[in-house]
Amino acid sequence: MSTALASVGLVGLSQSAGAADSQPQPEPLPLPDSIPAPRDVPFGGTIRLSVDATDLARHIMTVHETVPVPAALAATGGDLPLFYPMWLPGDHSPTGALDQFGGLVVKAGGVTLPWLRDNVTVSAFHIPVPKGAHTVDVSFQLLSPVSREEGRVVMTPEMLNVQWNAVALYPAGYFTRQIPVEASLRLPTGWQYGTALRAQGKAGDVVTFKPVPFNTLVDSPLFAGRYFRRIDLAPGAAVPVALNLVADKPGELEVSDAQIAAHRALVTQANLLYGSHHYDHYDFLLALTEELGGIGLEHHQSSENSGPRGYFTEWDKTFATRDLLAHEYTHSWNGKYRRPAGLWAPNFNTPQRGTGLWVYEGQTQYWGYVLAARAGLMTAPQVIEALAEVGAVYDTRRGRTWRPLIDTTNDPVIARRAPLSWRSWQRSEDYYSEGQLIWLDADTLIRQLSGGKHSLDDVARHFFGTNDGSFITSTYEFDDVVKALNDIQPYDWATFLRKRLDETSEHAPLDGFTRGGYRLVYTDQPNKYVGSFASVRHVEDFAFSLGLTIGKGGALGNVEWGSPAWQAGITRDAKVIAVNGEAYDPEVLREAIVDAKDAHAAPIALLLQEGDRYVTVSVPYHGGLRYPHLERVEGKPDMLAAILAPRH
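Residues 14 to 661 (the working numbering) make up the sequence shown, in order.
Structure representation (structure tokens):
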């Protein structure tokens with residue numbers, strides 16, 4: 014800027030400043046009156062909730078609620094705030110389907126009331142209740158996704174998933190355990206259903222359920238379907254457990270006696286592990302589908318899961334999915350009964366804090382694998398292959414060099430499980446499977462320190478097995494976990510855990526492998542667990558060679574930070590068209606990787622489609638095919654075999 018121009022600019026600035034002196038500065042608008050905080054007092058009435066889930070073609074559920082008006086408010090009239098549930102246990106984030114909510118109409122005595130959405134807490138609706146009104150009638154629709162591009166599909170021509178939090182409003186100002194609800198559901202004609210709720214009556218296609226507190230209702234989703242089967246997993250037991258199946262095709266419900274026996278053994282092994290139960294019945298809900306949206310969500314008295322077609326009919330190919338029911342069942346003890354204090358909230362619109370997810374999900378992930386092996390849902394060699402893959406993934410995840418594991422417990426809120434461009438650098442919800450490695454580390458250390466007298470089994474029974482039969486959530490914090498470990502095996506567990514949770518590192522916590530009698534190695538022989546998982550998910554895994562995974566049609570699903578593919582400038586969502594001039598096929602790429610193993614070989618040439626552009630990328634990789642495995646270390650006890658062996 015010249016001196017003259019600078020001078021003009023300063024004059025203009027001076028004049029502007031002078032004008033500003035006489036103009037008021039903006040001030041913030043006051044926030045609206047706060048919505049009443051939840052109180053642990055009876056609501057004083059029962060909500061009647063009815064849902065019509067028969068509009069499968071348009072994927073719409075129609076809802077009607079009759080909500081009692083508290084006596085004090087009915088005497089004077091005034092504001093009745095109703096919440097749409099947002100913070101859902103198990104999701105660990107505000108994932109309520111508010112964007113699918115529509116058509117709200119509120120009436121009192123047949124007169125329509127002009128509701129107003131809170132413009133700060135947008136999941137709250139203010140209802141101006143007239144004096145003398147003792148109930149309000151609320152109607153709306155859940156406009157559920159028609160396709161996966163819009164969100165998770167919950168209605169198909171063959172099945173549906175009713176999540177009560179998506180089809181209900183509830184009054185603010187109360188703990189949800191103090192709000193009774195009587196729910197009814199209209200199903201398509203002839204359909205059967207599974208849920209932890211118990212029916213009190215049925216009229217035609219409408220099922221009415223026994224009244225329960227609102228928090229229990231939300232914790233009791235329902236699967237229904239044209240093709241349905243219920244299997245008793247605890248014949249003759251005082252506390253019943255059932256497997257409720259829905260499927261896209263009736264043939265998927267063909268289950269062998271041996272497969273039923275493995276699922277029954279899961280119940281037996283879990284009871285032997287925890288020595289207690291915190292339900293008066295338990296219902297596994299499992300959808301075998303390629304049409305309903307995928308889900309894996311825990312509840313106190315049920316699971317809410319989807320599995321692949323072929324879960325039973327292609328048993329040898331789908332084993333990579335069979336830790337899921339063991340994982341969700343474990344959550345009845347770890348997550349629903351015992352819960353980190355920050356993850357308990359009085360209602361479904363109070364933020365949760367996920368600091369304890371390394372126990373809630375990490376130890377559950379550990380027991381999911383262990384119980385699957387003990388029950389025979391997976392073989393011990395299959396679980397060992399699975400653990401090798403877990404160890405390799407987290408040992409090569411470069412994000413661990415800048416981001417400690419404890420910070421990933423914030424990811425449900427940060428990322429909402431959306432796809433990440435560079436997951437291996439950003440890290441995601443690593444507290445699941447790296448948490449699993451920490452608990453394997455702890456288990457083997459307890460066994461070593463105690464000379465084999467104690468194990469993490471004892472800690473689980475001691476920590477999760479209290480108050481047998483109680484449904485009341487028991488909260489805990491970090492020091493309680495440390496105490497439970499010390500009660501079984503004295504050690505500096507606080508330092509052990511804090512080091513693994515709070516510090517960055519170059520490598521994953523793999524001491525559980527070495528102490529347990531194994532070492533992580535890579536060979537050119539496929540990992541069978543990786544192969545099963547890839548088959549179910551329709552992906553090809555080259556993560557430990559080129560550093561990428563490829564989905565249907567050649568679409569790149571992930572590129573590992575720092576890998577050969579990353580070094581070559583390849584990013585996710587591009588499409589692989591050709592390999593060394595030959596049309597892409599997984600086998601063509603495998604052969605190219607093998608051929609390039611010679612250090613003097615030419616780089617692998619990948620023709621990629623990136624949107625409307627085509628680019629050829631050279632990847633100078635000569636390491637051959639690499640798959641992770643756990644190899645036995647001679648002279649060391651095989652602790653993994655002991656951990657995975659069934660209990661009697």
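Ideal Cβ positions, reconstructed from N, Cα and C, are used throughout, including at glycine.
Would you report the Cα separation of residue i and residue j, rounded to the nearest angstrom?
i	j	result
residue 322	residue 265	6 angstroms
residue 207	residue 624	44 angstroms
residue 82	residue 475	45 angstroms
residue 654	residue 471	17 angstroms
residue 210	residue 39	54 angstroms
residue 78	residue 289	37 angstroms
residue 44	residue 145	30 angstroms
residue 92	residue 139	6 angstroms
residue 539	residue 555	10 angstroms
residue 373	residue 320	22 angstroms
residue 161	residue 392	34 angstroms
residue 196	residue 360	19 angstroms
residue 658	residue 553	31 angstroms
residue 186	residue 106	21 angstroms
residue 577	residue 505	41 angstroms
residue 369	residue 641	30 angstroms
residue 49	residue 363	12 angstroms
residue 465	residue 279	24 angstroms
residue 426	residue 104	9 angstroms
residue 429	residue 423	10 angstroms
residue 461	residue 507	18 angstroms
residue 295	residue 250	12 angstroms
residue 274	residue 564	34 angstroms
residue 234	residue 253	18 angstroms
Quick check on residue i: buried or exposed, where buried means 16 or more other Cβ atoms within 10 Å of its Cβ?
i	result
residue 531	buried
residue 451	buried
residue 124	exposed
residue 480	exposed
residue 60	buried
residue 627	exposed
residue 551	exposed
residue 484	exposed
residue 317	buried
residue 661	exposed
residue 157	buried
Using C-beta distances below 7 angstroms, list every residue in its chain close to residue i, excluding the 5 sequence neighbours before and after it, in chain order.
i	result
residue 377	340, 343, 344, 347, 348
residue 415	517
residue 612	635
residue 97	109, 111, 114, 136, 182
residue 4	Not covered by the structure: residue 4. The range shown for the chain is 14 to 661.
residue 242	258, 266
residue 675	There is no way to answer for residue 675, as the model of the chain reaches only from 14 to 661.
residue 501	459, 467, 471, 472, 475
Between residue i and residue j, is the Cβ-Cβ spacing less than 8 angstroms?
i	j	result
residue 66	residue 175	yes
residue 445	residue 353	no
residue 69	residue 263	no
residue 219	residue 239	no
residue 282	residue 388	yes
residue 188	residue 268	no
residue 569	residue 583	yes
residue 153	residue 287	no
residue 412	residue 366	no
residue 421	residue 402	no
residue 616	residue 599	no
residue 298	residue 315	yes
residue 169	residue 305	yes
residue 54	residue 191	yes
residue 260	residue 335	no
residue 638	residue 492	no
For residue i and residue j, which I take to be in contact (beta-carbon distance under 8 angstroms), what is that distance rounded to the nearest angstrom?
i	j	result
residue 606	residue 558	6 angstroms
residue 355	residue 521	Contact doesn't hold; Cβ gap of about 25 angstroms is too wide.
residue 619	residue 572	In fact, because the Cβ distance is near 12 angstroms, the residues do not count as touching under 8 angstroms.
residue 256	residue 244	4 angstroms
residue 307	residue 371	No, residue 307 and residue 371 are not in contact; Cβ-Cβ is about 24 angstroms, not under 8 angstroms.
residue 99	residue 302	That pair is no contact at about 27 angstroms.
For chain C, check one thing: does any of its Cβ atoms lie closer than 8 angstroms to the Cβ of residue i?
i	result
residue 553	This model lacks chain C altogether, as it is built from one protein chain only.
What does a CB cutoff of less than 6 angstroms around residue i pick up in its chain, not counting 5 residues either side in sequence?
i	result
residue 75	65, 154
residue 120	150
residue 410	437
residue 631	616, 618
Within a Cβ cutoff of 8 angstroms, which residues of the same chain sit near residue i, ignoring the five residues on either side of it in sequence?
i	result
residue 126	119, 120, 140, 141, 142, 143, 149
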